[in-house]
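Here is the structure we will look at, set down as structure tokens.
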Ligand code: ASP
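Right, here's the structure in full:
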């Protein structure tokens, strides 16, 4: 048994570990942990308390995968519900589909009795309003929201705050390996933007035979490399979990143009080995690890790897979110 989750998973990790120790199914244990994070308004990048998009709306993404059946469930750009991870789980349970987005996802969430929530907490509203007041011209404010947002989108590229995700990878007592993710994506993102977190194979992937992987950071990079699926495929082809992750990092070195920023990669194999690397990270990225028999998850530091230089100048969105 193993649980691997990122620093954003702090408030959920002990619960997930306890459920695994009690013999619960990995997906149930993961969902229970992620729900605690989604409901915690002090976690500013997941669920309630997540940063809003350019229009000041909180759009949430989540995904789950059951590595034995290879069934997945995901929601993207979901507005107005507290637990995107549970809506994603119900997509898996109740539909012949794997991914719902936007209005369709909200309709489904209503249909299944998902818990409604106003995820824009007062501090997020304040930060967005401060940005709006200071950065938009009088003409833009007058015409709002019927103005082009493309130029304003530069405020979304924020290396320090406004982006992160929680990712959980677990193997339960029965040997099943599952994954789960949940995020508000980038603060000040273009409305409707999906990152890697709801996209299976990019932001997460699980296969009970080999292992699982999940990513945080610039989803634009892992979408282009299908990072999570690639790692599991490298495991299938015989790589160790360390080599599989390094191979996936090497794939990123070939990205040309587009956004090159930070990505943290988390991976486990079916023998409960793990590897976490922080690509272009600060050297201070931490994660939580728990194995069968341990009293509680332990915080460890990811291996930093630099693949190219990234801009670190805070953007407008970053300033107002402080
Ligand atoms: N990977 C997430 C996304 O691209 C955000 C993050 O983890 O920072 O939406």
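In our numbering, the protein residues as written are 74 to 395.
Glycine included, every Cβ here is placed at the ideal spot set by N, Cα and C.
N-terminal and C-terminal residue of the alpha helix (DSSP H) that residue i is part of
i           : result
residue 294 : 292 to 298
residue 91  : 86 to 94
residue 99  : 99 to 112
Cα-Cα separation, residue i to residue j
i           : j           : result
residue 325 : residue 77  : 23 Å
residue 147 : residue 392 : 31 Å
residue 233 : residue 301 : The predicted model places residue 233 with a pLDDT of 47, which falls under 50 and marks its position as unreliable; any figure quoted below should be read in that light. Their Cα atoms are separated by approximately 23 Å.
residue 374 : residue 294 : 22 Å
residue 109 : residue 212 : 42 Å
residue 75  : residue 280 : 14 Å
residue 152 : residue 103 : 22 Å
residue 258 : residue 182 : 19 Å
residue 196 : residue 84  : 20 Å
residue 298 : residue 273 : 12 Å
residue 291 : residue 268 : 8 Å
residue 179 : residue 223 : 25 Å
residue 394 : residue 198 : 10 Å
residue 142 : residue 107 : 21 Å
residue 246 : residue 311 : 24 Å
residue 344 : residue 307 : 15 Å
residue 275 : residue 303 : 8 Å
residue 208 : residue 149 : 28 Å
residue 421 : residue 157 : With the chain covering 74 to 395 only, the question about residue 421 has no answer from this structure.
residue 97  : residue 238 : 24 Å
residue 202 : residue 164 : 34 Å
residue 185 : residue 378 : 43 Å
residue 169 : residue 82  : 30 Å
residue 220 : residue 296 : 28 Å
residue 331 : residue 206 : 29 Å
residue 366 : residue 91  : 10 Å
residue 167 : residue 215 : 45 Å
residue 369 : residue 95  : 13 Å
residue 162 : residue 101 : 10 Å
residue 329 : residue 228 : 22 Å
residue 380 : residue 327 : 10 Å
residue 316 : residue 285 : 14 Å
residue 244 : residue 266 : 31 Å
residue 218 : residue 248 : 50 Å
residue 385 : residue 339 : Unreliable placement is indicated for residue 385, whose pLDDT of 49 sits below 50; the coordinate value is still reported in the next sentence. Cα-Cα distance, rounded: 23 Å.
Beta-carbon spacing of residue i, residue j below 8 Å
i           : j           : result
residue 289 : residue 210 : no
residue 242 : residue 333 : no
residue 346 : residue 322 : no
residue 188 : residue 155 : yes
residue 171 : residue 145 : yes
residue 173 : residue 264 : no
residue 287 : residue 240 : yes
residue 283 : residue 318 : no
residue 278 : residue 80  : no
residue 105 : residue 115 : no
residue 93  : residue 99  : yes
residue 371 : residue 256 : no
residue 270 : residue 134 : yes
residue 376 : residue 351 : yes
residue 121 : residue 190 : yes
residue 260 : residue 124 : yes
residue 193 : residue 131 : yes
residue 262 : residue 358 : no
residue 354 : residue 335 : yes
Residue i at chain D interface by Cβ criterion, 8 Å
i           : result
residue 262 : The displayed structure is made up of one protein chain only, and chain D is not part of it.
Element boundaries [beta strand (DSSP E), containing residue i]
i           : result
residue 254 : 250 to 256
residue 117 : No beta strand (DSSP E) holds residue 117; DSSP gives it neither H nor E.
residue 125 : Counting along the chain, residue 125 falls outside any beta strand (DSSP E), and DSSP gives it neither H nor E.
residue 278 : 277 to 280
residue 244 : 239 to 244
residue 266 : Note, residue 266: premise wrong, no beta strand (DSSP E); not H, not E.
residue 79  : 75 to 79
residue 379 : Counting along the chain, residue 379 falls outside any beta strand (DSSP E), and DSSP gives it neither H nor E.
residue 135 : 133 to 139
residue 373 : 371 to 374
Residue i beta carbon near the ligand COA (any heavy atom closer than 7 Å)
i           : result
residue 288 : Annotation note on the ligand COA: not contained in the displayed structure, which lists the ligand ASP as its ligands.
> What runs of the beta strand (DSSP E), each 3 residues or longer, lie entirely inside the stretch 146 to 232?
Replying inline: Within the stretch 146 to 232, the complete beta strand (DSSP E) runs of at least 3 residues fall at 172 to 174.
> On the three-pair Cβ rule with 8 Å, is the stretch 130 to 150 touching the stretch 240 to 252?
Replying inline: Segments in contact, yes.
> Taking only runs of the beta strand (DSSP E) that begin and end inside the stretch 321 to 360, which ones reach a length of at least 3 residues, in chain order?
Replying inline: The stretch 321 to 360 contains these whole beta strand (DSSP E) runs: 336 to 342 and 347 to 352.
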